[in-house]
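Protein chains: 2
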Amino acid sequence: MSKLTDPLIQQSIEQLKKYIALPSVSAKQQAQPETAKFLEQLLTEFGAEVSVWNDYDVPCVFASAKPEKPSDTTILIYDHYDVQPEEPLELWESDPFELQVTSDKFIGRGASDCKGDLISRIAALNLYRQEHGDLPCNIKFLIEGAEEVASQHLEDYLKLHQNELSADMVIWESGFKNEHEQFGFNGGTKGVLCFELEAISANADLHSSYAAVVDSATWRLTQALNALRDKDGRILIPGFYDDVVEPSEREKALVAQTIEPDLKEALGLTTPLLKNKSVNYNLTFEPTINIEGLSSGWEGQGVKTVTPKLAKAKLEFRLVPDQDPHDLFKKLTDYLNNQGFEDIKVSYLLGEKGYRWDLDSPIVNTLIDTAKDYFGGEDKVEILPSSPETGPMYLVNKYSQAPIVACGVSYSKAGNHASNENIRIQDYLDFIDFFDEFLGKIVKE
Amino acid sequence: MSKLTDPLIQQSIEQLKKYIALPSVSAKQQAQPETAKFLEQLLTEFGAEVSVWNDYDVPCVFASAKPEKPSDTTILIYDHYDVQPEEPLELWESDPFELQVTSDKFIGRGASDCKGDLISRIAALNLYRQEHGDLPCNIKFLIEGAEEVASQHLEDYLKLHQNELSADMVIWESGFKNEHEQFGFNGGTKGVLCFELEAISANADLHSSYAAVVDSATWRLTQALNALRDKDGRILIPGFYDDVVEPSEREKALVAQTIEPDLKEALGLTTPLLKNKSVNYNLTFEPTINIEGLSSGWEGQGVKTVTPKLAKAKLEFRLVPDQDPHDLFKKLTDYLNNQGFEDIKVSYLLGEKGYRWDLDSPIVNTLIDTAKDYFGGEDKVEILPSSPETGPMYLVNKYSQAPIVACGVSYSKAGNHASNENIRIQDYLDFIDFFDEFLGKIVKE
Chain E
1 MSKLTDPLIQ
11 QSIEQLKKYI
21 ALPSVSAKQQ
31 AQPETAKFLE
41 QLLTEFGAEV
51 SVWNDYDVPC
61 VFASAKPEKP
71 SDTTILIYDH
81 YDVQPEEPLE
91 LWESDPFELQ
101 VTSDKFIGRG
111 ASDCKGDLIS
121 RIAALNLYRQ
131 EHGDLPCNIK
141 FLIEGAEEVA
151 SQHLEDYLKL
161 HQNELSADMV
171 IWESGFKNEH
181 EQFGFNGGTK
191 GVLCFELEAI
201 SANADLHSSY
211 AAVVDSATWR
221 LTQALNALRD
231 KDGRILIPGF
241 YDDVVEPSER
251 EKALVAQTIE
261 PDLKEALGLT
271 TPLLKNKSVN
281 YNLTFEPTIN
291 IEGLSSGWEG
301 QGVKTVTPKL
311 AKAKLEFRLV
321 PDQDPHDLFK
331 KLTDYLNNQG
341 FEDIKVSYLL
351 GEKGYRWDLD
361 SPIVNTLIDT
371 AKDYFGGEDK
381 VEILPSSPET
391 GPMYLVNKYS
401 QAPIVACGVS
411 YSKAGNHASN
421 ENIRIQDYLD
431 FIDFFDEFLG
441 KIVKE
Chain F
1 MSKLTDPLIQ
11 QSIEQLKKYI
21 ALPSVSAKQQ
31 AQPETAKFLE
41 QLLTEFGAEV
51 SVWNDYDVPC
61 VFASAKPEKP
71 SDTTILIYDH
81 YDVQPEEPLE
91 LWESDPFELQ
101 VTSDKFIGRG
111 ASDCKGDLIS
121 RIAALNLYRQ
131 EHGDLPCNIK
141 FLIEGAEEVA
151 SQHLEDYLKL
161 HQNELSADMV
171 IWESGFKNEH
181 EQFGFNGGTK
191 GVLCFELEAI
201 SANADLHSSY
211 AAVVDSATWR
221 LTQALNALRD
231 KDGRILIPGF
241 YDDVVEPSER
251 EKALVAQTIE
261 PDLKEALGLT
271 TPLLKNKSVN
281 YNLTFEPTIN
291 IEGLSSGWEG
301 QGVKTVTPKL
311 AKAKLEFRLV
321 PDQDPHDLFK
331 KLTDYLNNQG
341 FEDIKVSYLL
351 GEKGYRWDLD
361 SPIVNTLIDT
371 AKDYFGGEDK
381 VEILPSSPET
391 GPMYLVNKYS
401 QAPIVACGVS
411 YSKAGNHASN
421 ENIRIQDYLD
431 FIDFFDEFLG
441 KIVKE
């Protein structure tokens with residue numbers, strides 16, 4: 001078992017410290033070239049051949065390392081070096097860009113999402129090499145710098161370099177132990193379509209006495225919103241569900257084995273959950289509609305007797321395979337027009353397709369079996385065919401043609417995207433040992 | 001005919017200049033005592049006995065002047081000395097608190113709403129006295145300092161001083177020539193009920209992947225809003241219309257004689273008008289529901305994948321006689337509860353009852369007939385039983401027991417509450433002459 005005092009672990013913590021010190025906030029286009037340079041050096045020292053792709057404004061790091069004894073197995077490690085903005089700063093108990101090592105935690109922006117993941121994977125590979133004198137197989141790294149801003153230009157990079165991406169398995173950036181301390185695997189990310197509705201009803205905000213005759217932007221918007229969803233959360237756009245691939249029996253069985261979360265308690269919900277087969281079923285398999293924000297007229301203190309000329313809503317659909325964001329955007333606009341909302345402007349903000357699979361392949365089965373052994377049994381592992389969240393898995397699968405599985409060093413209280421982001425040191429050490437064990441099993445004798 | 005060069009007009013312009021120079025913005029609780037003091041001096045010089053009521057934080061000015069020859073007719077002039085905030089300053093072409101006298105306009109904050117009204121009424125009384133050596137009847141002035149902030153404490157003042165308020169007619173603060181150059185009279189103000197809806201769905205904003213199972217504050221709010229009004233603008237709360245007093249035949253006839261405005265063109269409307277008998281009918285007689293503002297979640301640039309925990313809407317009803325804001329607030333909350341919206345918090349912000357009458361009394365008929373003569377015929381005058389706007393007419397009528405009529409020096413492009421507020425000098429001079437003529441007709445020989 002790895003210990004905090006092992007020189008190899010000490011070295012990896014030093015690497016994590018330097019990595020977290022780089023404030024690579026993609027939303028602010030901050031420190032991206034420096035961070036790519038840091039990774040270039042880190043992976044060169046690891047022994048990989050490194051390219052920093054610079055064809056678009058955000059550099060993308062690609063690296064490839066081969067064992068001395070040739071292998072026909074390739075693992076592609078996908079990660080991202082960018083992080084979410086650190087604000088609000090006042091909620092942090094320490095400098096977000098200075099790694100804190102407490103008695104049981106690593107704290108800092110990116111510790112969980114996902115600088116800790118990359119460094120732990122490298123540490124596991126180094127541990128394996130220290131034990132066996134060689135790498136277990138071919139290893140590729142694909143580390144983008146814009147995941148937190150919808151993986152801008154990732155597809156352009158993948159298209160340019162598609163010949164270099166083939167692999168047998170992709171280890172995805174993130175993974176965590178859930179609130180029941182089950183080590184999680186998942187094989188998908190939902191797609192997304194973000195769009196904006198904008199109602200404009202007049203030249204200027206009107207004195208609200210005109211509400212006796214004028215239909216305002218605000219009413220038009222709320223009517224349009226209500227036309228999109230029924231009270232149970234079902235989306236009312238004709239054809240919205242046409243391309244939804246029904247989950248397979250195995251996928252359903254995987255979800256049926258998971259422990260249902262008590263969201264009502266955990267999130268402090270005041271209203272009943274939407275109609276659903278089960279919470280985990282919906283989170284895994286159902287597309288969604290969500291209003292991210294609303295804005296119109298007077299939002300300050302007290303009253304202002306105004307009939308707003310403008311009302312805006314930002315919305316998103318989370319998509320599942322094989323829904324296509326451009327196709328759904330067309331169905332959405334057609335539907336609003338057919339419902340008499342021609343006056344409402346609909347704008348496409350961003351879209352991404354979803355990816356999902358049943359995690360059934362020899363190498364992934366080996367990975368999962370290793371976890372069951374390592375963490376203490378079947379019930380210490382959670383296997384989900386998809387995360388409810390969104391990421392560029394669809395693209396990476398499309399260009400690598402490799403099945404993808406996510407797992408990592410995080411846990412249910414890591415605070416991704418929030419203040420005091422952290423991971424537990426024990427999870428970090430466990431991941432290194434578990435992954436080292438897995439690597440031992442894939443080497444063909 | 002009065003001319004700009006007449007010493008009496010010159011004096012009144014000097015008074016208006018000093019009055020406008022006092023930045024009496026009630027929303028900022030600014031210059032209220034100084035302005036009350038200015039009025040105390042002005043009305044004392046006019047020859048009235050003046051009291052500055054100081055029982056509550058905003059002083060209210062009351063004054064009473066009697067003719068030497070006793071009269072049993074009393075006119076109460078209601079006005080307010082407070083004005084709207086001058087912001088945004090960059091839209092003003094001159095200092096808002098420095099009266100600009102151009103070739104045809106008086107420009108400054110309060111020129112139209114309603115410092116110009118008070119000064120013109122005093123000028124007309126002075127003109128009458130210059131011509132006839134005495135006042136025409138008893139004159140009372142009631143000048144509050146908080147009309148622009150819902151006449152805070154006006155009822156308290158009126159209750160305290162109700163014995164001093166009796167009159168035969170109240171001349172109300174505002175009045176204007178419409179876009180067809182008709183001199184306007186109106187006999188009412190709508191009531192109002194402002195309230196806030198607040199939906200809270202969780203402890204914190206959630207990652208929007210939870211939209212697969214969680215019903216958000218934003219959806220709850222839009223559903224509740226849609227339950228309040230149908231597409232034609234009709235309010236769906238049971239009992240909402242119960243206390244609405246149907247307009248009398250004479251009231252309807254008055255409105256039928258007015259010229260319908262072309263709102264679609266004037267306001268740049270993008271959607272059809274709501275179902276209505278006529279624009280002026282609805283503006284005069286129909287209660288309304290209006291959303292003043294909406295606010296929830298992410299309102300910035302781009303996307304933020306959040307399911308908001310909180311969504312807020314500010315709304316208002318405009319009321320007509322005899323609707324009572326407290327009664328309607330109860331009906332509103334009962335209705336929302338009955339519709340399953342117990343989770344939505346409803347807060348009462350402010351309320352005021354409406355007032356309306358058919359402008360049929362001997363003294364008001366004299367006033368209107370004088371205007372018809374002065375301005376050139378029946379079709380040069382517009383008579384409406386109510387303004388679509390809100391003001392404390394109900395209260396002033398309740399405590400004075402006098403019918404109320406509004407008329408004044410303004411016009412359709414005065415820009416009340418906006419930048420470059422102005423009146424036309426000719427309207428100002430005309431009002432003085434017209435009102436002087438009217439005063440001549442009410443003196444009992």
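So the protein sequences, as listed, match chains E and F. Read in order, the letters of the first sequence are residues 1 to 445 in the UniProt record's numbering. Read in order, the letters of the second sequence are residues 1 to 445 in the UniProt record's numbering. All C-beta atoms in this analysis are idealised placements derived from N, C-alpha and C, irrespective of residue type, glycine included. Since we're looking at a predicted model, the values are computed, not measured.
- With respect to the C-alpha of L142/E, the residue from H180/E, E131/E and Y157/E having the closest C-alpha is Y157/E.
- Using a Cβ-Cβ distance cut-off of 8 Å, the stretch 184-194 of chain F and the stretch 420-437 of chain F are not in contact, since fewer than three pairs of beta carbons, one from each stretch, lie closer than that value.
- Under the rule that a run must span 4 or more residues, the alpha helix (DSSP H) segments found entirely inside the stretch 129-171 of chain F read 154-160.
- With a threshold of 16 other beta carbon atoms within 10 Å, S120/E meets it and is buried.
- Taken in chain order, the members of the stretch 330-348 of chain F whose beta-carbon sits within less than 8 Å of a beta-carbon on chain E are D343.
- Just so you know, the alpha carbons of I13/E and F46/E end up roughly 15 Å apart.
- Residue range I425 to I442 is occupied by the alpha helix (DSSP H) that includes F438/E.
- Within the stretch 206-277 of chain E, the runs of alpha helix (DSSP H) at least 4 residues long that lie entirely inside it are, in chain order, 217-228, 249-256 and 263-267.
- Taking a C-beta cut-off of 9 Å against chain F, the contacting residues of the stretch 198-220 of chain E are A199, I200, S201, A202, N203, A204, L206, H207, S208, S209, Y210, A211, A212, V213, V214, D215, S216, A217, T218, W219 and R220, listed in chain order.
- Per DSSP, reduced to three states, the secondary structure at S2/F is coil, with no helix or strand assignment.
- Membership of S51/F in the beta strand (DSSP E) is indicated by the continuous run E49 to W53.
- A direct Cα-to-Cα measurement between A63/F and D436/F gives close to 20 Å.
- For R318/F, the three-state secondary structure derived from DSSP is strand.
- The beta carbon of D230/F is closer than 7 Å to those of L236 in its chain, skipping five residues each way along the sequence.
- About 7 Å separates the CB atoms of L349/F and G302/E; that is less than 8 Å, so the two are in contact.
- Taking C-beta separations shorter than 7 Å and ignoring five residues to either side along the sequence, the partners of F434/F in its chain run T370, A371 and Y374, following chain order.
- F341/F sits away from R234/F, with the two beta carbons spaced by 9 Å or more.
- If you draw a 10 Å sphere on the C-beta of Q41/E, you find fewer than 16 other C-beta atoms in it, and that means exposed.
- Around P321/F, no beta-carbon contact reaches into chain E at under 8 Å, the shortest distance being about 15 Å.
- When C-alpha distances from N138/E are compared across P238/E, V25/E, L43/E and E68/E, the shortest belongs to E68/E.
- Only N290, I291, E292, G293, L294, S295, S296, G297, W298, E299, G300 and G302 from the stretch 290-302 of chain E bring a Cβ to less than 9 Å from some Cβ of chain F.
- Under the three-state reduction of DSSP, Q11/F is assigned to helix.
- If you draw a straight line from the Cα of E144/F to the Cα of L39/F, it is about 11 Å long.
- Neighbours of K3/F across chain E, judged by C-beta separation under 9 Å, do not exist; the nearest C-beta is about 35 Å away.
- Going by beta carbons, I171/E and Y81/E fall outside the 9 Å limit.
- The residues S216, A217 and K309, in chain order, have a CB closer than 6 Å to that of S201/F in the same chain once the five nearest residues on each side in sequence are set aside.
- For V346/F, the enclosing beta strand (DSSP E) begins and ends at I344 to E352.
- The C-beta of Q426/E has fewer than 16 other C-beta atoms within 10 Å across all chains shown, which makes the residue exposed.
- Nearest CB-CB separation between Q29/E and chain F: not below the 9 Å threshold.
- Contact between the stretch 82-100 of chain F and the stretch 171-181 of chain F is absent, with fewer than three C-beta pairs closer than 8 Å.
- A straight line joining the alpha-carbon of L197/F with that of T222/E spans about 14 Å.
- Between Q182/E and V381/E the beta-carbon gap is near 6 Å, inside 8 Å, which marks them as a contact.
- With three or more CB-CB distances shorter than 8 Å, the stretch 236-245 of chain E counts as touching the stretch 315-323 of chain E.
- Around R229/E, the beta-carbon contacts reaching into chain F at under 8 Å are W219.
- By alpha-carbon distance to S166/E, the top candidate from W357/E, A311/E and L395/E is L395/E.
- Residue pairing of Y355/F in beta bridges, as defined by DSSP: T189/F.
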